[in-house]
Amino acid sequence: MTIQAPPPRSEPSHLACARSDVPADGAVLTCRVEGRAIAVARRSAGSDDIVAFDTRCPHMDGPLRLGRVVEGEVICPWHFFRFDVCTGHAVACDKSQMQLKIYPVKVLDNKVYVDIE
Ligand code: FES
1193 MTIQAPPPRS EPSHLACARS DVPADGAVLT CRVEGRAIAV ARRSAGSDDI VAFDTRCPHM
1253 DGPLRLGRVV EGEVICPWHF FRFDVCTGHA VACDKSQMQL KIYPVKVLDN KVYVDIE
C-alpha cells in the first residue's frame, strides 16, 4: 500500500492591494477580491506583517472595515469584541465560539495576495 502525500495547498494568488496601501496606524483597508470584500491590515501598528480577514464581524455583522487592529487583535466598532487576526478566535469574551474568517496572505514584490478559497 502506498501512502500519498496530500496535494500542496494553493498559494495565495489573488491580488488585493499594494503593501504601501495598508495603513500603518492600525486602520483597516477594504479590498475587492473576486467581487468579495476583504479586510487587510497590519498585524499591529507599524508592523510589516499583513493580515486579511472578513469585513463583517461574526457577532452581528458589524463593519470590521471600520475597526482597528491593535497588537494582533481587530476590535469591532459596534460592541468592541476583539478577534485574533491570525487565528480568528474571539478574545476575552463570553462569545468564544465565534470565529472570524481569516484569509492566508502572501506579500511578494510589495504586493499583497490573499487566498480566498
Ligand atoms: S457586531 Fe461586532 S462585536 Fe457586535
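Taking our numbering, the leading residue of the sequence shown gets 1193, the next gets one more, and so forth.
Glycine is no exception: its CB is placed at the ideal position from the N, C-alpha and C atoms.
Exercise for the section: Work out the CA separation of Arg-1248 and Trp-1270 for me, nearest whole Å. Expected result: Numbered from 1 along the sequence shown, position 78 holds the residue referred to as residue 1270. Numbered from 1 along the sequence shown, position 56 holds the residue referred to as residue 1248. Trp-1270 and Arg-1248: Cα-Cα distance of roughly 11 Å.
Legend entry - Close beta carbons around Pro-1296, own chain, < 6 Å, minus the five adjacent residues each side: Locating residue 1296 in the sequence shown gives position 104, where the first residue counts as 1. Closer than 6 Å at the Cβ level, and outside the excluded window around Pro-1296, lie Pro-1204, Asp-1307.
### Message
By the three-class DSSP mapping on this structure, what secondary structure does Leu-1221 have?
### Response
If you number the sequence shown from 1, residue 1221 lands on position 29. It is a strand residue.
Between which two residues does the beta strand (DSSP E) harbouring Leu-1292 extend? The residue labelled residue 1292 in the question sits at position 100 within the sequence shown. First-last for Leu-1292: undefined, no H or E at that position.
Below 8 Å, is the gap between the Cβ of Cys-1209 and the nearest heavy atom of the ligand FES?
Sequence index remark: in the sequence shown, residue 1209 carries index 17 (1-based). No; taking the cut-off as 8 Å, the Cβ of Cys-1209 has no heavy atom of the ligand FES nearer than that.
Endpoints, the beta strand (DSSP E) within which Glu-1309 is located:
Residue mapping note: residue 1309 aligns to position 117 of the sequence shown, counting from 1. Careful: Glu-1309 lies outside any beta strand (DSSP E) and carries neither H nor E.
Looking at Val-1262: is its Cβ nearer than 9 Å to the Cβ of Ala-1231?
As a first step, residue 1262 must be located in the sequence shown, where it is residue number 70. As a first step, residue 1231 must be located in the sequence shown, where it is residue number 39. At least 9 Å separates the beta-carbon of Val-1262 from that of Ala-1231.
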